[in-house]
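Line by line, the protein sequences give chains A and B. Each step along the first sequence adds one to the number in the numbering used here, with nothing skipped, and position 294 is 294. Basically the numbering used here = 1-based index in the second sequence + 521.
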Amino acid sequence: MRHLRKILALSLAILMLSAALSACSGGKTNEASPQSTAETTQPQVSAEPVIGGELTVGIAQDLDDTLDPQKMVSAGTREVLFNVYEGLVKPDTKGNLIPAVASDYKISDTGDTFTFTLRDSVKFHNGNVVTVKDVVYSIKRAAGLDTGETLIDGFDAVKSVEAPDEKTVVVTLKEPNIEFLALFTAAIIPDGNDPTKETVGTGPFKFISRSPQENIVLENFSDYWGTPANVDKVTYKIIDNAETLVMSLKSGAVDLVAHLTSAQVKELGEGFTIMEGTMNLVQAVYINNTKEPFNNVKVRQALSYAIDRGAIMDYLADGRGALVGSSMYPAFQKYFKPELVDYYTYDTEKAKQLLRDAGYPDGFEMSITVPSNYQPHVDTAQVIAEQLKAIGVTVNIDLVDWGTWLSKVYQGRDYQSTVIGVDASMMTARAMLERFSSDSGSNFTNFSDPEYDKVFKEAIASTDDEKQVELYKQLQTILTEDAANLYIQDMCDLVAMGNGLQGYEFYPIYVMDLSKVYFTK
Amino acid sequence: MKYILKKVAIFLITLLGISVLVFLAFQIIPGDPTTRMLGTQATPEKVALLREQLGLNEPAVLRYFKWLVGFVKGDYGTSYSYNIPVSELLSGKIAITAALSGISFIMVLVISLPLGVILARFAHSIPDRIISVLNQIIMSIPAFFIGIIFTYVFGLIFKLFTPGDFIPYAEDPSKFWSFLVFPALAIALPKSAMVIKLLRSSMVKEMSEDYVRTAYSRGNSRWQVLSRHVMRNAIIPVITFLAVTLVDIIAGSIIIEQVFAIPGMGRLLLASIIGRDLPVVQTIIMIISIAVISVNYIADISYKYIDPRIRFR
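Here it is as structure tokens:
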């Protein structure tokens, strides 16, 4: 008895100790390999592509706004459904709009009539060929021509949709808008279809099933009109815990995860292909321009000078990311104005002077409201709070959940400042810049400048592409000079692939194209 | 009979109170289902239209009573986020969480009851002291942290399971159960430590009572005394605690489901709170409440069978 007791005690102790030790060594291996893993690619040098295979992708958020491609609002939903639905045109990796369901398009010189020729025998996932009827239905539905309810922002500009013959669809706008082509990336669905009940698109993958908070399953669509996808099946696993997401990659339970932080990538260790791109958004301290003391331009400028953006990027992602100086991100090459990036360089003396001029020689107290579920934004706010101490500004960070952020900050505009990333749901400059015109419903910063409004009206009405680009650049300059917001960066987007997966490509908008990835031997 | 009627009445009043509180909480916190559904595309017009479509423009009191009548009739409403009936949405999730909590509770019993008795039997010996210290340490580690350590140690190093690779029961029952072992253990360990400590001290206290000496003097062996006499008296406070533990386990599984990416009720509850999906939240809270109240009643009733001196009033 006595003997048995000793053995029991001893073996228990050993078990506990070994568990504790291996936990330690597990932690150490990660720390011991700091920078090397953060570099891109290493495993198989000449890896041979394999067609087929089942791909598992880890995503942090379920598609819980809606499965309706014309009603979806969350970036995470857009990213997944990009593989299922297509529009008349679709974006490519360079940001151009290429024909998809349509094989060709023409924009009238007046800039208000778009004529599309349908591609021959594009098939829906249910096997039916796409007809002009389906296209007319889809566009009418998005514009709400029959219901009066516009589903996609900007589609209220559509005056009429007609199909003069079996192959042609003509869309007429109320006013000229040469940027409108980008809106035709809107999903084409079968005539009479309700996408919340039945998911039928024309994309390279067809929708098979979903289980809330568990997974979404897609399958390679064999009748796809374009270059078919490489893998047979895609399972999106919803893993909202950041730690679990990394461990699922390490264990091989998932093959691909996007939007990782550099800390997460460091934790991964070796054997993964890491791709670095940008998130395609503008991260900034967005400011409620009507609230004291931010209604004073000198205060906003002072804060712009007082923020060390390099330090933020170092802290967040070891210096990765791209600096921005206005409400446009660099991947939008056509419109991006690089000169604005360094308009405000870190200079606390200048900042203090401006504060004195503005009548706040001793600084003031301000609050930054941040959604708690976006760790990078929370971290950014914390770094900024520290930096602003140098000019006597005391920052209180107010953490709120996403629902509260949306209703209080975004819709209610009841806040002082907030750290967030603003992206474009469509590849148009207008999508980035419209929100700062005084009467915009999405102007959550309450920015108001008569000059801006005037130039904006001119820009959207312009039918000359070159002139329009110039005007949009002018708008960015106004935002920078007025220090409408404290612009920081377009955050880096890190994608990790395991199990020999290759072929991921970044787009200049927030989507995830899985048709191009492939496994290697 | 009167006792049962009284209990049922309290049961229903408690549930009603909870449902009112949940409903009130959702009236107070900022945002409603339209917030999530419209996201950053929300404009005042769109919000107004969607609120109209979802029936959110009716007065709150009316909406509450509509929900209540539906709930009593067995209609739990439709999820705003997923656009499917709540009953359909929850049917698979409840089973997963129940399985996880069930295994976890069995583990607590299997680990803590024998260990508690053995430690009491050999109280103040060296192994007892070592285990008591370990016990104290384990007790103070939160379950989610044990979960993370387990994932590293048993998942990534010993490869006893694949972290993040939950397999539904319908697909492969044996893989389903084996995946749940470590999450369940992560919940069970700190709880077991507490039960061990309580059972041990409760038994040690009983062992110094007079009736124990009497039992010995009647020629009973040490184990007989422990199992027949001491255990019966020592177990009453432990049962109360086990009831609390079971409730804690259900709550703990909500956290553990996040760590192990198990698509159970807990994850759905958290997601639904963020999405302001009231019908889902209401139903899940009701289910958890019913479970919690029932567990407490079962504990009450079990006292009577263990100790006939306890009478219901």
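We put the beta carbon where it would ideally sit given N, CA and C, even for glycine. Given the structure is predicted, the values throughout are model-derived calculations rather than measurements.
Item	Value
Length of the line joining the Cα atoms of Glu-166 of chain A and Val-132 of chain A	6 Å
Arg-753 of chain B versus B:Asp-769, B:Glu-727, B:Ser-810, residue with shortest Cα-Cα distance	B:Glu-727
Contact between the stretch 569–586 of chain B and the stretch 772–787 of chain B (3+ Cβ pairs under 8 Å)	no
Val-200 of chain A beta carbon less than 7 Å from that of Thr-115 of chain A	no
Local Cβ density within 10 Å of Ile-831 of chain B, reported as buried at 16 or more and exposed below that	exposed
Local conformation of Phe-544 of chain B per DSSP, three classes	helix
Chain-order list of residues whose beta-carbon lies under 7 Å from that of Gln-548 of chain B (same chain, five-residue window excluded)	Ala-581
First and last residue of the uninterrupted beta strand (DSSP E) at Phe-116 of chain A	113–118
For Gly-463 of chain A, three-class secondary structure by DSSP	The sequence given here places Thr at residue 463 of chain A; Gly does not occur at that position. Thr-463 of chain A: coil per DSSP, three-state reduction.
Closer than 7 Å to chain B by CB, Leu-406 of chain A	yes
Cα-Cα separation, Leu-181 of chain A to Tyr-585 of chain B	46 Å
Same chain only: Cβ atoms within 8 Å of Val-802 of chain B, ignoring 5 sequence neighbours per side	Val-543, Phe-547, Leu-790, Ser-793, Ile-794
Val-254 of chain A beta carbon less than 7 Å from that of Gly-500 of chain A	no
Sequence-distant residues of the same chain with beta carbon closer than 6 Å to Thr-394 of chain A, five excluded per side	Glu-365
Cutoff 7 Å: Tyr-818 of chain B Cβ touching any chain A Cβ	no
Sequence-distant residues of its chain with Cβ nearer than 7 Å to Ala-812 of chain B (five each side left out)	Ile-771
Supposed contact pair Ser-326 of chain A and Tyr-487 of chain A - C-beta distance, whole angstroms, cut 8 Å	6 Å
Three-state class that DSSP yields for Leu-388 of chain A in the structure shown	helix
Whether Asn-446 of chain A touches Arg-435 of chain A by CB criterion (7 Å)	no
Three-state secondary structure assigned by DSSP to Asp-493 of chain A	strand
The stretch 448–456 of chain A contacting the stretch 312–323 of chain A, beta-carbon criterion three pairs below 8 Å	no
Of the listed residues A:Lys-467, A:Ser-448, A:Thr-185, A:Pro-508, nearest to Ile-287 of chain A (C-alpha basis)	A:Ser-448
Segment contact, 8 Å Cβ cut-off, at least three pairs: the stretch 552–567 of chain B with the stretch 70–80 of chain A	yes
Members of the stretch 543–569 of chain B that neighbour chain A once the beta carbon cut-off is set at 8 Å	Ile-550, Pro-551, Gly-552, Asp-553, Thr-556, Arg-557, Met-558, Leu-559, Gly-560, Thr-561, Gln-562, Ala-563, Thr-564, Pro-565, Glu-566, Val-568
The stretch 173–180 of chain A contacting the stretch 189–205 of chain A, beta-carbon criterion three pairs below 8 Å	no
Contacts that Asp-686 of chain B makes with chain A (C-beta to C-beta distance below 9 Å)	Thr-56, Lys-237, Ser-248, Ser-251, Gly-252, Ala-253, Val-254
Which residues DSSP lists as bridging Tyr-105 of chain A, in chain order	A:Phe-116
Residues near Tyr-737 of chain B by beta carbon distance below 7 Å, same chain, minus five either side	Val-746
CB contact check: Gly-403 of chain A to chain B, cutoff 7 Å	yes
Asp-398 of chain A to Glu-386 of chain A span [Cα, whole Å]	15 Å
Pairwise C-alpha distance: Asp-439 of chain A and Glu-292 of chain A	21 Å
Ile-776 of chain B: first and last residue of the uninterrupted alpha helix (DSSP H) it sits in	752–780
Min CB distance Ala-792 of chain B to chain A below 7 Å	yes
Buried or exposed by the 16-neighbour rule on C-beta atoms within 10 Å, applied to Asn-396 of chain A	exposed
Limits of the alpha helix (DSSP H) - the one that Gln-353 of chain A falls within	348–358
Contact set between the stretch 578–609 of chain B and chain A, restricted to residues whose Cβ is under 7 Å from the partner	Ser-602, Tyr-603, Asn-604
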